[in-house]
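Below is one structure, written out as structure tokens, with a few remarks after it.
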Amino acid sequence: MDAIILQILNGLDKGSAYALIALGLTLIFGTLGVVNFAHGALFMIGAFCAVTLSRILTLSHTIVDPERTDFLGNPLKVEVPYIHDLLGATAGDKVIDWAVPLSVLFAIPIMIAVGVIMERGLIKYFYKRPHADQILVTFGLAIVLQEVIKYFYGANPIPTPAPEAFKGSLDFGAALGFDPNVIIYPYWRIVYFGFSVVIIGGVFAFLQFTTFGMVVRAGMADRETVGLLGINIDRRFTIMFGIAAAVAGLAGVMYTPINSPNYHMGMDFLVLSFVVVVVGGMGSLPGAVLAGFLLGILESFASMREIIAIIPGINQVIIYLVAILILLTRPRGLMGRQGVMED
Amino acid sequence: MLKLTKSDFNLMLLVAALTLLAPFILNPFPTDSAMAQFNAGYPDLMQRFVIFGILAVGFNILFGLTGYLSFGHAAFLGVGSYAAVWMFKLLSMNVLPAIVLSVAISGLFALVIGYISLRRSGIYFSILTLAFAQMMFALAYSVLTPITGGETGLQLALDDPRIFGASQTPGGNIPVPSLFGLEMRESFDLVLGAWVFTFNFGYYFCALVLLASFYLAIRIFRSPFGLMLRAVKSNQQRMNYTGLNTRPYTLAAFVISGMYAGLAGGLMASMDPLAGAERMQWTASGEIVLMTILGGVGTLIGPVLGAGFIKYFENIFSKINDNVLHEWFAFLPDGIENFMVFIIHPFIGKGWHLTLGLLFMLVVIYLPGGLVEGGQKLAAWFQKRGQKTETSKSKIEPAE
Amino acid sequence: MSKTTLTRRGLIKSGAIGSAGLALPTIFTAQSAHAFTNEPTGSTVTLGFNVPQTGPYADEGADELRAFELAVEHLNGGGDSGMLSTFSSKVLQGNGILGKKVSYVTGDTQTKSDAARASAKSMIEKDGAVMISGGSSSGVAVAVQALCQEAGVIFMAGLTHSNDTTGKDKRANGFRHFFNSYMSGAALAPVLANAYGTDRKAYHLTADYNWGYTTEEAVRSSTEAMGWETVAAVKTPLTQTDFSSYIAPVLQSGADTLVLNHYGGNMVNSLTNAVQFGLRDKQVNGKDFQIVVPLYSRLMAKGAGANVKGIYGSTNWHWSLSDAGSKAFVKSFGTKYGFPPSQAAHTCYVQTLLYADAVQRAGSFAPCAVAEALEDFEFDGLGNGKTLYRGTDHQCFKDVIVVKGAENPTSSFDLLEVVEVTPVDQITYEPDHPQFAGGALGTCNNGV
Chain Y
31 MDAIILQILN
41 GLDKGSAYAL
51 IALGLTLIFG
61 TLGVVNFAHG
71 ALFMIGAFCA
81 VTLSRILTLS
91 HTIVDPERTD
101 FLGNPLKVEV
111 PYIHDLLGAT
121 AGDKVIDWAV
131 PLSVLFAIPI
141 MIAVGVIMER
151 GLIKYFYKRP
161 HADQILVTFG
171 LAIVLQEVIK
181 YFYGANPIPT
191 PAPEAFKGSL
201 DFGAALGFDP
211 NVIIYPYWRI
221 VYFGFSVVII
231 GGVFAFLQFT
241 TFGMVVRAGM
251 ADRETVGLLG
261 INIDRRFTIM
271 FGIAAAVAGL
281 AGVMYTPINS
291 PNYHMGMDFL
301 VLSFVVVVVG
311 GMGSLPGAVL
321 AGFLLGILES
331 FASMREIIAI
341 IPGINQVIIY
351 LVAILILLTR
361 PRGLMGRQGV
371 MED
Chain L
16 MLKLTKSDFN
26 LMLLVAALTL
36 LAPFILNPFP
46 TDSAMAQFNA
56 GYPDLMQRFV
66 IFGILAVGFN
76 ILFGLTGYLS
86 FGHAAFLGVG
96 SYAAVWMFKL
106 LSMNVLPAIV
116 LSVAISGLFA
126 LVIGYISLRR
136 SGIYFSILTL
146 AFAQMMFALA
156 YSVLTPITGG
166 ETGLQLALDD
176 PRIFGASQTP
186 GGNIPVPSLF
196 GLEMRESFDL
206 VLGAWVFTFN
216 FGYYFCALVL
226 LASFYLAIRI
236 FRSPFGLMLR
246 AVKSNQQRMN
256 YTGLNTRPYT
266 LAAFVISGMY
276 AGLAGGLMAS
286 MDPLAGAERM
296 QWTASGEIVL
306 MTILGGVGTL
316 IGPVLGAGFI
326 KYFENIFSKI
336 NDNVLHEWFA
346 FLPDGIENFM
356 VFIIHPFIGK
366 GWHLTLGLLF
376 MLVVIYLPGG
386 LVEGGQKLAA
396 WFQKRGQKTE
406 TSKSKIEPAE
Chain R
39 MSKTTLTRRG
49 LIKSGAIGSA
59 GLALPTIFTA
69 QSAHAFTNEP
79 TGSTVTLGFN
89 VPQTGPYADE
99 GADELRAFEL
109 AVEHLNGGGD
119 SGMLSTFSSK
129 VLQGNGILGK
139 KVSYVTGDTQ
149 TKSDAARASA
159 KSMIEKDGAV
169 MISGGSSSGV
179 AVAVQALCQE
189 AGVIFMAGLT
199 HSNDTTGKDK
209 RANGFRHFFN
219 SYMSGAALAP
229 VLANAYGTDR
239 KAYHLTADYN
249 WGYTTEEAVR
259 SSTEAMGWET
269 VAAVKTPLTQ
279 TDFSSYIAPV
289 LQSGADTLVL
299 NHYGGNMVNS
309 LTNAVQFGLR
319 DKQVNGKDFQ
329 IVVPLYSRLM
339 AKGAGANVKG
349 IYGSTNWHWS
359 LSDAGSKAFV
369 KSFGTKYGFP
379 PSQAAHTCYV
389 QTLLYADAVQ
399 RAGSFAPCAV
409 AEALEDFEFD
419 GLGNGKTLYR
429 GTDHQCFKDV
439 IVVKGAENPT
449 SSFDLLEVVE
459 VTPVDQITYE
469 PDHPQFAGGA
479 LGTCNNGV
């Protein structure tokens, strides 16, 4: 029982990451009809916004410490962040410690700008081109983006820890009456889950309750008619692209303490996010979110050693197996609309 | 001729000339010159060109004709290679049974996967094929290690049975793949002045298989069956309304293209007897898709060009290092030399991915029909220029 | 056996061109005129350095490449001659190998066996390389080793830790300086028993591929011999990035030690996740919960950051070692590049020197002669103390370094500190040890 509760928690957390990435993708892919292979790269750029901010915060000048020596026996050069000079050592360290949450604010304008530039500069010329061309151009873009990041940040993962205040984990089990230490969950992952819920809710509310959202939804359903009504749907789609990029980027920022970011993390998530979107059903936002959580939870269950013992290798294939079963029983995924990307 | 129209026959001739003369075409620079870095006429890369060409031609039979985008095609390549290596381990080092089995086994896999996946269309079909391929990759890498060799790949060993051949050579080594005793790695060099051209038996074996597969592909493209597949692409619904069941046609196309991939896998193992699981990963499938789109979807020769393009960058650009750059620019003054190296450095060696990504974007932006369109544009431009000079000539003439 | 193999471009490049270039075209050069594959006949010899330049291990590959460049520089008499001056064998004169200037070509393995073989093949077929070295994973090492055996060139393995490389997949033309899973287990177990006691309950998370299997087996058997109990061992997919669902059940199982048989990105993520779950702050069975990482590298430690603090692991070599060889190497590497070398760089540098030395002693580049010179060769001064290249399986036997994540690192280089140098006797095993069973070395191949 406790094991099952634990894996449901894990699944919700994994699922919230999947849902968040898939949400951004389905805004572009499921609604604008653009097969965006660069979506993973957006996620990755978001993560590197956090890295960049913590690099900015730790920008340092060096002072030579004659007492100690470096590996070659020369006097050690100690790096002192400018922020220490600015705010003093304690307050400065506090700010550096909070780099990841601060990056959320830092990432939003950057990601929106990246999204808008991408759409205006490249994607808009590809709306009417075949999907094959979209795949090639966005895949090329994804490679270029990740190689640029690799050029500046290297290939090694870069540790970006969560603030000290979120270290450690909460003992859920004790609250539910189980033995202590049986169901524990890290604070940061709880934060991540809450953050996803807020973002997902925000995007839905935005589309559901604002005039802008209404027009966009109408545009998704029938772009031509909306255009004929004299509404500039293109501009709104650009904004949607910006929002999608921001959602992907924020997912990346908040993910950095869970996985140290590296330049190919986008590609690692790319295939998975496509699977999630398609399993959820093309053109359906709730579908993508639902599929994200479903796959997250099933993946967590499949990683239990009791289950691996019965079916070896199930943890390797569970997501794909579930995707196949769902697509065979439900032709358009969980909640897909007819006619979207079906030919 | 060969039951082909004139233009198809010319295309066939072109492909034949390109493949058979490849050792010359791909080695344009003298062996000792600085530009020799760009020579691609060594056996391994030439073999890869034609093998991936076969793979892409086969993929195009499915994608180019029916519009069904399989994102898991590399799985058949992997299955084919595993089948071939197992034949080398169990039966003999003769490549024929290995290739026959790899085609058969991958055809079988294609039949099962195609039968299931073709129940859906569009993106749903793509994801189904992707899911099957990823499952096969993940299992081959881990749980199925006893059958597939896992991480290290399936390899030959000195104690393999090889019931119709020898387990070891008299010298105590593992025998190499051959065609009735003629080893695939056998090659000779032709030295012409400063140039060296290598003729490799394995390469010509692959080239002949490519020609045969290319011929078969042309025949399929021009057959009533091919017409039916094109009809599926343009409007499957209408086809269904006319009371026609399109499924058998698409399934046949899927299986044929899977068998092409298996053939490529078998050839790959015959040239280099090792089968690794990475061959089935989604990135490998994606590469096939990219090759086809890059070359030109639905064209006959496009995929072959696309395959050559990608493999060329992977194998040639990744090997250029700063040392080589310094050699190239050694004639420049030091400052400028270092500057040039600094500028080019990000695009070569470990940066070959960046160059490839940029080229993908440039090609698709400026040549919507892929490399084939580039070729056509180039040809048209030459024609125009030819006409211009002709007209200008005729204008000049009266003045004389 | 037929006498043909891969082309002899190297020969033609250096020798034949000089004369034949001016002469009439030679028709189809015969293949049997050379004693072995890519016999260098000109004034240079070409080595092939095949390292990951793209993909997750690109930084490790870049470090290997730096070491190779340094080694070539030293062999050709440039720089401060590094470990050449501390190496116990003194036949290398700094004038190349056998008087031939050393040149090299590089390639990208992409950490994929296919790509690595393609790259190695192009070095052999196109560039005339007579030796291939490098690599950052066992899958690649085993694949390229088999290729070199077939082609008739020497393979000097780079970073490869799986038992299989010199176990069931060993080849007569392949040599490994790096240590292996068995040695990690044998070196770690006593240190762990010392630090954490002998009645621990261990929970293994193991990367689900060959290297993971051999490492788990090695650590398990060595720690169990010390009295530890293995509660569970769970395999994790290579492509896994979030290990939460594997780590969460660890405490519940009653285990008090977590062993992460992961490498590279897998290890960085699983360790980060484990620390995030607060495992190390917990008490189980009245003992502090502990984490162990059998194979460490400095780059991985850098990726995991502060999470490595106080965590034990093993490594082939570490720059803070104080013997003369290590010091000389760190000095010349550090002066040239500005930071200390990684263990991957060290093993690649040493392998290049060992190859050059063996050629020099053998007086020939012929693979069989080189192999004979390397087999059962004893040397010192290359950073790991007295070392033996065992002839029966082509594995180096030397001291193994047990390290621990530093509590108060002063820079991003000293994230690890050496805890103990386990003497070679403790980690030596018989060639027919069950963990290395199967496979045969075969006979060396000169190609041609």
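Residue numbers (my numbering), protein chains in the order written: chain Y, 31 to 373; chain L, 16 to 415; chain R, 39 to 486. Glycine included, every Cβ here is placed at the ideal spot set by N, Cα and C.
Inset, instruction - Flag R/V512 as yes if its beta-carbon sits less than 9 Å from any beta-carbon of chain L, otherwise no. - result: Past the edges of chain R, shown from 39 to 486, lies residue 512 of chain R, and the structure says nothing about it.
Inset, instruction - Using a Cβ-Cβ cut-off of 9 Å, state whether L/D175 counts as contacting chain R. - result: False, the Cβ-Cβ gap to chain R never drops below 9 Å.
Inset, instruction - For Y/L325, verify whether its CB is less than 8 Å away from any heavy atom of the ligand GDP. - result: The ligand GDP is not part of this structure, which contains no ligands at all.
Legend entry - CB contact check: L/Q391 to chain Y, cutoff 9 Å: So, not an interface residue.
Inset, instruction - Following the continuous alpha helix (DSSP H) through L/W297, name the residue where it begins and the one where it ends. - result: Looking at the DSSP string, the run of the alpha helix (DSSP H) that includes L/W297 is W297 to G310.
Inset, instruction - Say whether the stretch 119-130 of chain L touches the stretch 58-66 of chain L, bearing in mind that this needs 3 or more beta-carbon pairs closer than 8 Å, one atom from each stretch. - result: The answer is no - the stretch 58-66 of chain L does not touch the stretch 119-130 of chain L, with fewer than three Cβ pairs under 8 Å.
Legend entry - Proximity test, Cβ basis, 9 Å: Y/E372 and chain L: Yes - at least one Cβ of chain L is within 9 Å of the one on Y/E372.
Inset, instruction - Return the residue from the list L/G82, L/V94, L/M199 and L/V247 that minimises the CA-CA distance to L/L116. - result: That would be L/V94, whose Cα lies nearest to the Cα of L/L116.
Legend entry - Neighbour flag for Y/I354 against chain L, beta carbons, 9 Å: Chain L, which has a Cβ nearer than 9 Å to the Cβ of Y/I354, makes this yes.
Inset, instruction - Specify whether the stretch 284-299 of chain Y and the stretch 55-75 of chain Y touch according to this definition: at least 3 beta carbon pairs, one from each stretch, less than 8 Å apart. - result: Cβ pair count under 8 Å is three or more, so yes.
Legend entry - Candidates R/D97, R/Q91, R/G86 and R/Y393, of which the one nearest R/S380 by Cα: Nearest option by C-alpha distance: R/D97.
Inset, instruction - Report the residues of the stretch 287-316 of chain R with a CB closer than 8 Å to any CB of chain Y, ordered along the chain. - result: For the stretch 287-316 of chain R, which is checked against every Cβ of chain Y, the residues closer than 8 Å are P287, L289, Q290, G303, V306, N307, T310, N311, Q314, F315 and G316.
Inset, instruction - Give the interface partners of Y/L325 over in chain R, defined as CB-CB distance under 7 Å, in chain order. - result: Contact note: Y/L325 does not reach chain R at a C-beta cutoff of 7 Å; the least C-beta distance is about 12 Å.
Inset, instruction - For the alpha helix (DSSP H) holding R/V168, just list the boundary residues, first then last. - result: Element bounds for R/V168: n/a, residue is neither H nor E.
Legend entry - Cβ shell of R/A61 (< 7 Å), same chain only, five flanking positions each side left out: Unreliable positioning characterises R/A61 in this predicted model, as indicated by a pLDDT of 35, which lies under 50. The coordinate reading is nonetheless provided below. If we look at R/A61 and ignore the five residues flanking it on each side, it has no Cβ neighbours.
Inset, instruction - To the nearest angstrom, report how far apart Y/A318 and Y/V305 are at their CA atoms. - result: Y/A318 and Y/V305: Cα-Cα distance of roughly 10 Å.
Legend entry - Any chain R beta carbon closer than 9 Å to Y/Q368: Not one chain R Cβ lies under 9 Å of Y/Q368.
Legend entry - Terminal residues of the beta strand (DSSP E) in which R/S141 lies: Start and end: K139 to D146.
Inset, instruction - Give the interface partners of Y/R159 over in chain L, defined as CB-CB distance under 9 Å, in chain order. - result: Per Cβ cutoff of 9 Å: V379 and P383.
Legend entry - Alpha carbon of Y/Y48 to alpha carbon of Y/D298, nearest angstrom: Linking Y/Y48 to Y/D298 through their CA atoms gives a straight-line distance of about 12 Å.
Inset, instruction - Verify the CB distance criterion: does L/S272 have a CB-CB separation below 9 Å to chain Y? - result: Output row for L/S272: interface = no.
Legend entry - For Y/P105, the three-state DSSP class (helix, strand or coil): It is a strand residue.
Legend entry - Contact belief for L/L309 with L/G301 at Cβ below 8 Å, rounded distance in angstroms: Not really, about 12 Å apart at Cβ, beyond 8 Å.
Legend entry - Inter-residue Cα distance where the pair is L/V15 and Y/R367: This structure does not reach residue 15 of chain L, given that chain L is present from 16 up to 415, and the question cannot be answered.
Legend entry - Where the alpha helix (DSSP H) through R/A227 begins and ends: Here the alpha helix (DSSP H) through R/A227 covers S219 to Y234.
Inset, instruction - May I ask you to list the residues that DSSP assigns as paired with R/L243? - result: Within the DSSP bridge table, the entry for R/L243 names R/V272 and R/L298 as partners.
Legend entry - Neighbourhood of L/E329 by C-beta distance below 8 Å, restricted to the same chain and skipping five residues each side: When the five nearest sequence neighbours on each side are left out, the beta carbons in the same chain lying within less than 8 Å of the beta carbon of L/E329 are those of W367 and L371, in order along the chain.
Legend entry - Cut-off 7 Å between Cβ atoms - residues of its own chain near R/G477, not counting five sequence neighbours on either side: Answer for R/G477: G205, K206, D207 and K208, listed in chain order.
Legend entry - Cross-strand partners of Y/P216 (DSSP beta bridge): Bridge partners of Y/P216: Y/S199.
Legend entry - Residues bridged to R/Q398 (per DSSP): R/Q398 is not bridged to any residue.
Inset, instruction - Verify the CB distance criterion: does Y/R362 have a CB-CB separation below 9 Å to chain L? - result: Yes - at least one Cβ of chain L is within 9 Å of the one on Y/R362.
Inset, instruction - Excluding the 5 residues preceding and the 5 following Y/M334 in the sequence, name in chain order all residues of the same chain whose CB lies nearer than 7 Å to its CB. - result: These residues qualify, in order along the chain: A33 and Q37.
Inset, instruction - Kindly confirm or deny that the stretch 144-160 of chain L and the stretch 262-280 of chain R touch, where touching means at least three C-beta pairs closer than 8 Å. - result: Contact holds: three or more Cβ-Cβ distances are below 8 Å.
Legend entry - the stretch 290-306 of chain R touching the stretch 326-336 of chain R, judged by at least three CB pairs closer than 8 Å: Per the Cβ contact rule, the stretch 290-306 of chain R is in contact with the stretch 326-336 of chain R (3 or more Cβ pairs under 8 Å).
Inset, instruction - Compare the C-beta of Y/A274 against all C-beta atoms of chain L and say whether one is closer than 9 Å. - result: Y/A274 has a beta carbon lying at 9 Å or more from every beta carbon in chain L.
Legend entry - Distance between beta carbons of R/S176 and R/D203, contact taken as under 8 Å: First, the residue type needs correcting, since residue 203 of chain R is Thr and not Asp in the sequence shown. With 8 Å as the limit, R/T203 and R/S176 qualify as a contact, their Cβ atoms being about 6 Å apart.
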